[in-house]
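These notes concern the structure reproduced below.
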Amino acid sequence: MSDTSTQGIRRPDLSDGRIRRRYAAERRFRFYGMFAVGLAIAMLAVLLVSVCSKGYSAFYRTEIGLDVVLDPAVITPDGKKDADTLANADYQGLVKDTLKNAFPEVTSRADRKLLYALVSNGAGDTIRQAVLSDPSVIGSTKRFWVVAADDIDMLKKGFIKRDVAEAERVVPDSQISWFDKLAANNQIKTTFNSTFLSAGDSREPEQAGVLGALMGSIFTMLVTVLLALPLGVMSAIYLEEFAPKNRLTEIIEVNINNLAAVPSIVFGLLGLAVLLGVFGLPRSAPLVGGMVLALMTLPTIIIATRAALKAVPPSIREAAYGIGASSLQVVTHHVLPLATPGIMTGAIIGLARALGESAPLLMIGMVAFIVDVPHGPTDPATVLPVQIYLWADSPERAFVEKTSAGIMVLLAFLISMNAIAIFVRRRFERRW
Amino acid sequence: MLPAQSARNRAGLGLPSISAVVFGAVLALGALLPQAAAAREQLHIVGSSTVYPFATAVAEHFAQEGFKAPVVESTGTGGGLKLFCGGVGEGFPDIANASRPIKEGEVEACKQNGVTDIVEVEIGYDGIVLAAGKGGAPRALTVRDLYLALAKEVPVNGVLLANPYKLWSEVNPGLPADRIEVLGPPPTSGTRDAFLELVMDKACHTFPEIAALTDEKVKKAKCQTLREDGAYIDAGENDNLIVQKLAANPVAFGILGYSFLADNQDMLQGSAMDGVTPTEDNIINGSYEVARKLYLYVKKQHSDVVPGLAEFVAEFMSEKASGTQGYLTDKGMVPMPEAEHAAVSTAVLAALPIASSLGAVLDLGATSALLPWIAGGLLLLLSSVGFQLGRRRAFASVRGATRQLHSLPSYHGVYVGLGAFLPGALALLLGAVTAHYLPGDPKAGHDVIWAAIAAATLGAAAIGLAWAQRHVSANFRARNAVEKMTMILLVVCSLLSILTTVGIVLSLVFEAMRFFAQVSPLEFLFGLQWSPQMAIRADQVGQSGAFGAIPVFAGTILITIIAMIVAVPVGLMSAIYLSDYASRKTRAWAKPLIEILAGIPTVVYGFFAALTVAPLIRGMGASVGLDVASESALAAGLVMGVMIIPFISSLSDDVMNAVPQAMRDGSFALGATKSETIRQVVVPAALPGIMGGVLLAVSRAIGETMIVVMAAGLTANLTANPLEAVTTVTVQIVTLLVGDQEFDSPKTLAAFALGLALFVVTLILNIVALRIVKKYREQYE
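If you're matching them up, the sequences are chains A and B in order. Per my numbering, the very first residue in the first sequence carries number 1; after that it's consecutive. Per my numbering, the very first residue in the second sequence carries number 433; after that it's consecutive.
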């Protein structure tokens, strides 16, 4: 009795060579999977480490402490203390005078020029702000911490080496000796670089900031999301759920796949010809940039959404039809919520690409030098990747760390944008 | 309170809310239009990337003097002049920067568009230096050495032969026996043009073999054609990249702007040219002769369009900016000699007098800027009122017994809401467009026009609301009506992609036709040589200009294949691991991490490929005795592969995750191991989705621009060897479009032809792929 029952079931014999081979294959397969994930994450780590190790230093800066005599004769030459006079006084001149008095041994014109080049062109702004906020300081002597010039900053951070011959160094020996003297007097300190996060672009590295580009990116992405996500999802719903399978929908389908392969700069040409040319929208505006990027992102979102809709099992649809739902109700009440994780994946990837894109913006004027921080989607603006590209092309050494720091800001923006979509995805993700 | 509250919430989700977002977005964009038409307050400057660092420095100083900071674009000289010559008015730039003088054809094009009054301003010089990394011994060259090393054909023993020299010592016995390797700007660059003129042409005429040529055109062509066998490497416009490459490769020389040498003296050494070292003093006093003039072109007709035009030019030409001690010299510009500078700036001040008072710029007041928004907001408000009214009326018509209604009350609500919204939105958009195109001064009657538009909008919405409200009754098929409207909306959305395609084709086709009028389509499609070395300036003659697109496409395909070899296995295996092996927790953090790879700006990948991966591959190749190009296809392809991993992994993961667990369970029950289940059940079931992801990734690889711009070469080699440098379609398009050449030369127009060809090629690929997917597609469950 027991004999017959055990004969019917074949137990796997773990010592069997075939089984061992199958299990080994299983382990290998699993290892490949882990290896692939590990590889992808290792690449990410390499990229992130290389960016952050170059960029972190841009978040602090060197400042020089100067005891500035707030001479009324310079600030208010005609004795009036109205805002206009105070705002337009020659504060940079005050800084220069202070340096001149601190190093009386420097007399020749060329040397003076080098001496003044220790501090940033914008050093006077620090004093201007102090005077404007409290005009009563005029006449006194106060210590101001002014921003050092980019080369001095690079020297302090060690990116300009002291041990190379003077002829090969951007900072001459004389400047180094002055710098050392200031450092010995505790007139040099390092602080958090607030300018980098609060200013627009500048040709002087120490005055350049990322805020203008960041705001530009935010406005651009806002326009892109508002257009691309609903339009993409709706086209995908139509094509996947409702469209009759005929020549026209086939053309549309091929066409969408094809649009995904169109080089991004061609979308820029389209924007130039249609949005700027026909509709007369302004150049360099995030509004236009967002529209162009939305057109570029649409195919990605449509393809991903269609794949996600396709993946919802037919049984769900049939059950809904079974209780009398209309075809639109089936889609909106059941299929769409279940497809949301996949849609979000498509949106994340598509928008991430749009966020990092710079080529199409060239044609519509967003590869530009813009000092003012934009306040709306129609103000001239640039975006983060373009800013990074422009900085990367600048000769000044101090822009190297700014470039990497710009990338860090862009990544932070990207990750926070992704976080929202991932949150949505995790709420809906499930398996049958 | 209401019995069907939950039902309303259900139907209130989904499509109606999506459509509300779309309508809101469309309205917001419509409302932005009038704002966009507001007067431009800042100068708009376009043009050469060489002048860009100087123009931006002046722009910043100019802004400190109380003007609004000008917007300075870096578009390349040709692209800048094209925009500049586009017309007169706020939509067109005020100043074009140029690294070459304007051409006859461009002046003509300007005139045709009404730009008749152009002032040319010479601002200074750009020193072009030859530099090498610090590692090698300092080498002093003569222009003669350079000519012999770089010309395509050189005189050898009295006859012109294809350049036989491989080593510097063969050119001049006094030089070391290093390989000739010069990184320089591409044929579209004004810097290259100047190099040809100032070095190659000059040296060439010292040879009797050349002097013996009688035909001037042949002579020039012989003198100004660079060799294309890899000794001269087109290295793109990013000079910092060249600096890094030189630092890593001490044998190579680079052709750079002087400012890059000045700022990188610890990494680079400038080579003396004919015994003169490139120092600031030598360039300014004229003894270092390799420098070219830079220009501004100012649209005088804009003096009363935008405030500050003359003031900006005056600032540019002031002693403290472009003078011998000016701040532009710190940025690397080489100033004109004092006397010349004084003469030029006086002439410019005379041509562009600073007006004593500016015409008052009309500013849109706060209220009138808000009017469009108010109109849109009111419309949305009215629509939601319509929704409530419709719903309540539906309830009222059956006294709360919702079962007697054909459609749920919220469908009646949506119907009435849409009834208000659609006519209102139509009125608003029509109004906005009419206001935009209204003849005369658009700002004069702005308030009145917009008040009228708002009134019309609300009127139309109210009429629509009343009309829709009358339909609501127990038997009214509101759901069907709403669904019909939604369906129309869906169809319109999916037609948008067709419109985009039509737009792209139209914006490419006209320029491509002009290209094909100059270059035969047969040569373009089947030609095996791509080297658009054509004249940039009028007094030059055509060098070799071959427009055979085959090598360019072959390069694209090669790099795409390499990228896919990286991305497909890694992406697919990651997806399998994440969907079937990894725990929920691992999946939750690993998937988003991998997705970050897709979001890293391609500029970053480009630098990574050019500065880290390419030298690594080159070093590895050298250690096993392989000769690897510094811009190998392998480096660009590998890095691009990393970038597109998430395209495959995330999309495949989603579709595999969606394969029903029941199918896996069935396979397990038959005794299959997990890997067997995945390979034989899950992957085949998910294949259409996976293919979709792979196709998307291929498309992305073909269309990717910045990585290849930085890491791939510009020289078109027809090769299947991944260790050689190739170029891609996108690289060529970008380089051609942002170059300094004339904008209707075949060189620029070729970009459009390439774009069109790429479009057609990918179209064919996609049709084939779709057929294949259809054939093998399996529907499970």
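In this text, a Cβ means the ideal position worked out from N, Cα and C, and glycines have one as well.
So which residues of chain A does residue i contact, with C-beta pairs closer than 9 Å?
i               : result
M417 of chain B : The requested residue 417 of chain B is not part of the displayed model; chain B covers only 433 to 1213.
N670 of chain B : Y389, A392, D393
F853 of chain B : The premise fails here: F853 of chain B is roughly 15 Å from chain A at the closest Cβ pair, so nothing lies under 9 Å.
Since residue i meets chain A, which of its residues come closer than 7 Å, beta carbon to beta carbon?
i                : result
M1138 of chain B : S358, A359
L1127 of chain B : N257
Y1013 of chain B : R30, G33
Y1009 of chain B : G33, M34, A36, V37
T1194 of chain B : N258, A261
A1030 of chain B : I349, A352, R353
Could you say which of the options lies nearest to residue i if we only look at CA atoms?
i                : options                          : result
K1106 of chain B : A:L211, A:I218, A:G33, A:L259    : A:G33
I1028 of chain B : A:A421, A:L414, A:E253, A:R427   : A:L414
A528 of chain B  : B:D1176, B:M1075, B:G707, B:K732 : B:K732
S929 of chain B  : A:T195, A:E250, A:Q175           : A:E250
L1181 of chain B : B:A1054, B:G1038, B:F947         : B:F947
I477 of chain B  : B:Q496, B:E497, B:R824, B:G508   : B:G508
N185 of chain A  : A:D78, A:V170, A:I64, A:G122     : A:I64
K535 of chain B  : B:K1207, B:F1175, B:A1183        : B:F1175
Who are the neighbours of residue i on chain A, taking C-beta pairs under 8 Å?
i                : result
V738 of chain B  : Under the 8 Å cutoff, chain A gives no residues; its nearest Cβ is about 13 Å from V738 of chain B.
M1052 of chain B : The contacting residues do not exist; M1052 of chain B stays about 17 Å from chain A at best.
Can you tell me which of the three DSSP states residue i falls into?
i                : result
D625 of chain B  : helix
E1174 of chain B : coil
D82 of chain A   : coil
S1006 of chain B : helix
E166 of chain A  : helix
G1156 of chain B : Here residue 1156 of chain B is Glu; the residue named in the question, Gly, does not match the sequence. Three-state DSSP puts E1156 of chain B in coil, outside helix and strand.
A792 of chain B  : Only weak support is given to the placement of A792 of chain B: the predicted model assigns it a pLDDT of 42, under 50, and the value that follows is read from those uncertain coordinates. Three-state result, A792 of chain B: coil.
Q972 of chain B  : Because Q972 of chain B carries a pLDDT of 48, less than 50, the predicted location of this residue cannot be relied on, and no value is offered for it.
L615 of chain B  : strand
A798 of chain B  : A caution first: A798 of chain B carries a pLDDT of 47, below 50, which makes its placement in the model unreliable, though a value can still be read off. If DSSP states are grouped into helix, strand and coil, A798 of chain B belongs with the helices.
I786 of chain B  : coil
N418 of chain A  : helix
N88 of chain A   : helix
H637 of chain B  : coil
S327 of chain A  : helix
V106 of chain A  : coil
I188 of chain A  : strand
P313 of chain A  : coil
I716 of chain B  : helix
T1167 of chain B : helix
G479 of chain B  : strand
M768 of chain B  : coil
I534 of chain B  : coil
For a contact meaning CB atoms closer than 7 Å, what does residue i contact in chain B?
i               : result
P385 of chain A : P1033, V1035
A24 of chain A  : Within chain B, no residue comes near A24 of chain A; the closest Cβ sits about 10 Å away, beyond 7 Å.
N460 of chain A : Residue 460 of chain A lies beyond the residue range present for chain A, which begins at 1 and ends at 432; the question has no answer from this structure.
Query raised in the report: Are three or more beta carbon pairs between the region 291-299 of chain A and the region 230-246 of chain A nearer than 8 Å?
Result: With a cut-off of 8 Å, the region 230-246 of chain A and the region 291-299 of chain A count as touching, because enough Cβ pairs lie within range.
Query raised in the report: What residues in the region 245-268 of chain A bring their beta carbon closer than 7 Å to a beta carbon of chain B?
Result: I252, E253, V254, N255, I256, N257, N258, L259, A260, A261, V262, P263, S264, I265, V266
Query raised in the report: Looking at chain A, which residues of the region 1145-1159 of chain B have a Cβ within less than 9 Å of any of its Cβ atoms?
Result: none
Query - Selection of the region 679-711 of chain B by Cβ proximity to chain A, strictly under 7 Å - result: S691, F692, D695, Q697, D698
Query raised in the report: Is there contact between the region 583-601 of chain B and the region 743-751 of chain B, where contact requires at least three CB pairs shorter than 8 Å?
Result: no
Query raised in the report: Can you list, in chain order, the residues of the region 326-352 of chain A whose Cβ is nearer than 7 Å to any Cβ on chain B?
Result: Listed in chain order, the positions of the region 326-352 of chain A with a beta carbon within less than 7 Å of a beta carbon of chain B are S326, L328, T332, H333, L336, P341, G342, T345, I348, I349, A352.
Query - Selection of the region 536-565 of chain B by Cβ proximity to chain A, strictly under 8 Å - result: none
Query raised in the report: Any contact of the region 1156-1172 of chain B with the region 1038-1047 of chain B, i.e. 3+ C-beta pairs under 8 Å?
Result: no
**Report entry** Proximal residues, the region 995-1006 of chain B versus chain A, C-beta separation under 9 Å
**Finding:** Listed by position along the chain: P1001, V1002, G1003, L1004, M1005, S1006.
Requested in this report: Assess, as a yes-or-no matter, whether the region 198-206 of chain A is touched by the region 134-143 of chain A under the definition of 3 or more beta carbon pairs within less than 8 Å.
Outcome: no
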